[in-house]
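J.: Count the sequence shown with this note's numbering and you get residues 729 to 1264, in order.
Just so it is clear, CB atoms sit at the ideal spot from N, CA and C, and this is done for glycine as well.
None of the values given here were measured: they were computed from a predicted structure.
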Amino acid sequence: MAGLVVAPQVLAAEEGVKVLRQGGNAADAAVTAALVQGVIDPQMCGLGGFGVALIYEAHSKRIECLAFHARAGSKATATMWADRVLREAPDGFGFFLRDAVNDVGAASVGVPGTVAGLHALLERYGTWTWAQVLEPAIRIASEGFVVSAELARSWKARERYPERPSLLQRLQLSPEAHRLFLKPNGAPYDAGETLRNPDLARTLQTLADQGPKEFYSGSVAAAIIAELETHGGHITPTDLVNYRVRWHPPVRVPYRGYEVVSAPLPAGGVTVAQVLRLLEGFDLRRMGHNSPDYLFTVAQAFKAAFTAKVHHHGDPEFVAVPVDDLLSEAWAAQWRARIAAGEVLSVPRWGSHDPHGTTHLTVIDADGNIVALTHTLGSSSGVIPRGTGFMLNNAMVGFHPLPGHPNSIAPGKARVSGMAPTFVLRDGEPVLVLGAPGGARIVSGIVQVLLNIVEFGMTPTEAVTAPRFDAQLHAIECHARIPSWVLDKVQRRGQPCVKLPQSYGGIASVQVAQYRDGRWVGASDPAGGGAAFSPD
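1. Do VAL1000 and VAL1171 have their CB atoms nearer than 8 Å?
2. Could you say which of HIS847, GLN765, SER902, ASP769 lies nearest to PRO1113 if we only look at CA atoms?
3. If you compare alpha carbons, which of PHE824, SER1074, LEU879, SER945 is closest to ARG888?
4. So for GLY1132, helix, strand or coil by DSSP?
5. Look up LYS1227 in the DSSP assignment and say whether it is helix, strand or coil.
6. Count the other CB atoms, across all protein chains shown, that sit within 10 Å of the CB of SER1108; report buried if there are 16 or more and exposed otherwise.
7. Check the DSSP bridge columns for GLY693 and list the partner residues they point to.
8. Taking the Cβ atom as the reference point for each residue, do LEU1101 and TRP1063 lie within a distance shorter than 8 Å?
9. Count the other CB atoms within 10 Å of the CB of HIS1039; is the residue buried (16 or more) or exposed (fewer)?
10. Answer yes if the segment 1155–1165 comes into contact with the segment 1132–1140, meaning at least three C-beta pairs across the two stretches below 8 Å, and no otherwise.
11. Hey, GLY744 and THR760: beta-carbon distance below 8 Å or not?
12. Between HIS959 and the rest of its own chain, which residues show a CB-CB distance below 7 Å, the 5 nearest in sequence each way excluded?
13. Smallest Cα separation from ARG1143: which of LEU879, ASP937, ALA740, GLY1042?
14. Which residue or residues does DSSP assign as beta-bridge partners of GLY776?
15. For ASP967, name the three-state secondary structure that DSSP assigns.
16. Between the Cα of VAL813 and those of ALA804, ALA800, VAL829, spot the shortest distance and give me the residue it belongs to.
17. Once the 5 residues before and after THR1189 are set aside, which same chain residues still bring their CB inside 7 Å of it?
18. Can the beta-carbon of LEU923 be found closer than 8 Å to that of GLY872?
19. Who does GLU816 pair with in a DSSP beta bridge?
20. Kindly give me the distance between the Cβ atoms of GLN1239 and GLY1257, rounded to whole angstroms, as I take these residues to be in contact under 8 Å.
21. Please state the DSSP three-state secondary structure of HIS1103.
22. Which runs of the beta strand (DSSP E), 3 residues or longer, sit entirely within the segment 1134–1220?
23. Give me whichever residues DSSP pairs with PRO916 in a beta bridge.
24. Since TYR1232 sits in a beta bridge, which residues does DSSP pair it with?
25. Going straight from the alpha carbon of VAL1003 to that of TYR1232, what length do you get?
26. Would you report the Cα separation of ALA757 and TRP856, rounded to the nearest angstrom?
27. Can you give me the C-alpha to C-alpha distance between LEU956 and GLY1070, rounded to a whole angstrom?
28. Using the rule of at least 16 other Cβ atoms within 10 Å of the residue's Cβ for burial, across every protein chain shown, is ASP1198 buried or exposed?
29. Give the secondary structure of LEU849 by DSSP, where H, G and I count as helix, E and B as strand, and everything else as coil.
30. Out of curiosity, what's the CA-to-CA distance linking THR807 and GLY838?
31. What residue from ILE952, LEU794, LYS789, TYR917 has the CA that sits closest to VAL875's CA?
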């Protein structure tokens, strides 16, 4: 069995494959590639971020979830932003607050989990040393990397609403970010230009020499606290020292003779499982891929699951979430009957924003061990602790800014996210691995690619390139390649449809690996600029 690495960044996938070729296992390669992603995609992920990983250990067939979510600082409270709310976002995703205090700046930062998470993954499942897995990231940060077309494009993209700072505006907020990631004239780097980050190289070398504790209680921690305390952050030195990862059993749900396994709350696997539980009662193959009936039915299933997310989802350490009820046949049957009767559903407004700045990677080694890892900075806070070279997350934007909601702020609490690394098992062994960046749209992307393969027999490449749609509120938003006459038929049923300007992208960047004909094959969403490489 040959291995495989799939990632939205070619260089990260290449470095992961090098580890497999040098005898490292899936955990070694995943940690190495994730650290490289933090260098070459500096506003999507990095040392200041957080995430979740789903791990399959081949010899024991054990599957567990490693959660390294960011957590609210001990000085944060549920009411601290109640008087700053300006309005709900017109798209339903979150609130706009005065001075965007939940979205950018020191107050938007949650306690980072990525360093602790990657080290925990390596310690439990890896064979390489911490210093070994850091070496490629150190080298690339020091020598520089060629800015990809996708990264350059992200720096020039505009947000939908002026109250949400763009990625470029986030860079412009911090003198450190301006110095490291912008040219002397203030312009972002263009595709094909080389970007070096010697500050990050030094930080990574310090972590290699001193270990991950340096991030949480040493010189790196001191730099983080100095930056946050100066500008009104909610994180204390004790918050960093006390940060711990969590190991959880995954969410499991049957589907068409397979078992689907995903990341539990506060990640997005419960929502993936709910959609599939509901859809198993419909004959999707008979409907036909992206037919009017298929679009209508799958979109309503999304809206049913997202409604449950709005009403119930939060950090299970802080709120009681009725997960068993939400995954029950009774829940699915109730919503299935409404959809079958032709009801057009609407999702209540979210009240919290799930940012789109995220990345993912999947690694499978020759022994069949698997790591599917999704990690993020949110959409980045714009804050870089002086001299460190890495940006901190803006995890706090993912909380509801008012008290009384399952996803309201509390000290030490993790916000709900859409991250959902997912396995599909046959006879107890993975045959399909999926994951994606894409914020709240991760679920929509993963479910559709899964259905493309399981229901319609597509190859991984066909599955990630087929046009997709999303339904988060009331209207269905569709890739431009879904024909207008299909949308017209859906709209005659009372379901509004909106054709997006893009033919690819915007609805998660799905990374997929499938076990086919005795070997693993993979594909990276073409909109993301990534790759799937085998060490053969």
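T.: Quick answer:
1. yes
2. SER902
3. PHE824
4. coil
5. strand
6. buried
7. A question about residue 693 goes unanswered here, because the residues of the chain that appear run from 729 up to 1264.
8. no
9. exposed
10. no
11. yes
12. GLY833, ALA834
13. GLY1042
14. LEU1120
15. helix
16. VAL829
17. ALA1251
18. yes
19. PHE823
20. Contact doesn't hold; Cβ gap of about 12 Å is too wide.
21. strand
22. 1150–1154, 1157–1163, 1204–1206
23. LEU910
24. TYR1232 is not bridged to any residue.
25. 23 Å
26. 9 Å
27. 51 Å
28. buried
29. helix
30. 17 Å
31. TYR917
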